[in-house]
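Position one of the sequence shown corresponds to residue 942 (the working numbering), numbered consecutively onward.
Even glycine gets a Cβ: it sits at the ideal position worked out from N, Cα and C.
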Amino acid sequence: MSDKERSSSPEFSPFAFGEDLAPLPEYKAAGTTEVDFSGLLGEPLKLHEDLKSGCGGQLWPAGMVLAKHMLRYHQGRLQHARILELGAGGGVVGLTVARGCASLDHPLYLTDMVEMESLMQRNISLNGLDDRVRARVLNWGEPLSQEVLDLKPDTILAADCVYFEPAFPLLMQTLQDLLALVPSATVFFCFKKRRRADMQFLKAARKAFTVAEIEDGDRSVFRKDGLFLYTFTHK
Ligand SMILES: C[S@@+](CC[C@H](N)C(=O)[O-])C[C@H]1O[C@@H](n2cnc3c(N)ncnc32)[C@H](O)[C@@H]1O
942 MSDKERSSSP EFSPFAFGED LAPLPEYKAA GTTEVDFSGL LGEPLKLHED LKSGCGGQLW
1002 PAGMVLAKHM LRYHQGRLQH ARILELGAGG GVVGLTVARG CASLDHPLYL TDMVEMESLM
1062 QRNISLNGLD DRVRARVLNW GEPLSQEVLD LKPDTILAAD CVYFEPAFPL LMQTLQDLLA
1122 LVPSATVFFC FKKRRRADMQ FLKAARKAFT VAEIEDGDRS VFRKDGLFLY TFTHK
């Protein structure tokens, strides 16, 4: 991919959805909500939601599924992990992991486009997690920053990042760059199928990576809502 292609993140708007798409989650007024994943989080997570910076400003269903999955199945195993979340929005997945893990040796990175940076930071501070979570800009398709290269993330979280077709090759490029950087890394990838094109992303992922559907006690429930949970690893 040329530098020009890599840096041309598409014009993005929560309203840029075709009519064939399932609607976005119900639009809410800005406000703060609390989630504890049926008591899995002792202390609930506070999340400020505000759509003024983009659609990532509110909770999306795949974020809730992936956050709960990480809590139920990985909470005790992430102390030494180098964790980076892509398309974090308000940060529900990464913040849940940071709140749920008793200790983390490395800072956890929430990343998204610049428009989401202040909301990510706000939610980090709202939960008193400034000492273990950092908010950074990471535009898909662009070369990884020196900070990410130095972090060498081995646990990558991505929820509801498949929803805007022009961004598919950019997201794919970033996933490839991350798995080339750390070939032993695992991407935890959750998405909601809203239209047929979304499965094209999965098809491309199957060509590039080893893709495995993950076991989860709630799978029969979230699959009914069109949600899929996978790991991607280096082939
Ligand atoms: C549907 S939201 C999901 C937010 C969150 N992960 C969740 O599940 O609640 C998708 C996120 O991807 C981000 N995003 C879209 N295109 C991007 C790009 N080219 N580079 C980086 N982030 C992008 C958006 O800003 C948004 O926060």
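Does the separation of the CB atoms of residue i and residue j fall below 8 Å?
i       : j       : result
Pro1048 : Val1078 : no
Phe1173 : Val1152 : yes
Leu1085 : Asp1118 : yes
His1010 : Asp1101 : no
Glu1056 : Ser979  : no
Does the beta-carbon of residue i, which I'm using as the reference point, lie nearer than 7 Å to any heavy atom of ligand 1?
i       : result
Cys1102 : yes
Leu1116 : no
Met1180 : In this structure the chain extends from 942 to 1176, so residue 1180 is not present and cannot be described.
Val1123 : no
Phe1030 : Checking the sequence, you will find Gly at residue 1030 rather than Phe. Under cutoff, so the answer is yes.
Asn1064 : no
Cys996  : yes
Ala1108 : yes
Met1057 : yes
Leu1000 : yes
Leu1111 : yes
Gly1004 : yes
Asn1068 : no
Leu1170 : no
Quick check on this structure: which residue in the options has the alpha carbon closest to the alpha carbon of residue i?
i       : options                            : result
Tyr1171 : Gly998, Ser979, Val1006            : Val1006
Arg1164 : Arg1135, Phe1142, Arg1147          : Arg1135
Ala1039 : Arg1147, Phe1109, Asp1072, Ala1108 : Asp1072
Please check the pair residue i and residue j, which I expect to be a contact at CB under 8 Å, by giving their CB distance rounded to whole angstroms.
i       : j       : result
Lys1133 : Phe1150 : About 20 Å separates the two Cβ atoms, so there is no contact after all.
Glu1106 : Ala1138 : 5 Å
Leu1051 : Lys987  : At roughly 15 Å, the Cβ-Cβ gap does not stay under 8 Å, so Leu1051 and Lys987 are not in contact.
Pro1094 : Ile1024 : 7 Å
Asp991  : Leu1060 : 6 Å
Arg1013 : Leu981  : 6 Å
Report the rounded CA-to-CA distance for residue i versus residue j, giving the unit in angstroms.
i       : j       : result
Arg1160 : Gln1087 : 37 Å
His1015 : Gly1041 : 10 Å
Glu1026 : Thr1115 : 12 Å
Ala1043 : Gln1020 : 8 Å
Ile1065 : Gly1035 : 10 Å
Arg1063 : His989  : 8 Å
Gly998  : Pro1124 : 32 Å
Ala1008 : Leu1111 : 24 Å
Glu1058 : Val1089 : 16 Å
Ala1121 : Thr1127 : 11 Å
Ala970  : Gly1031 : 15 Å
Cys996  : Leu1092 : 28 Å
Met1113 : Gly1028 : 13 Å
Glu952  : Gln1141 : Caution is warranted here: a pLDDT of 35 is assigned to Glu952, below 50, making its placement in the model unreliable, and the coordinate value is therefore given only provisionally. So the alpha carbons of these two residues sit roughly 21 Å apart.
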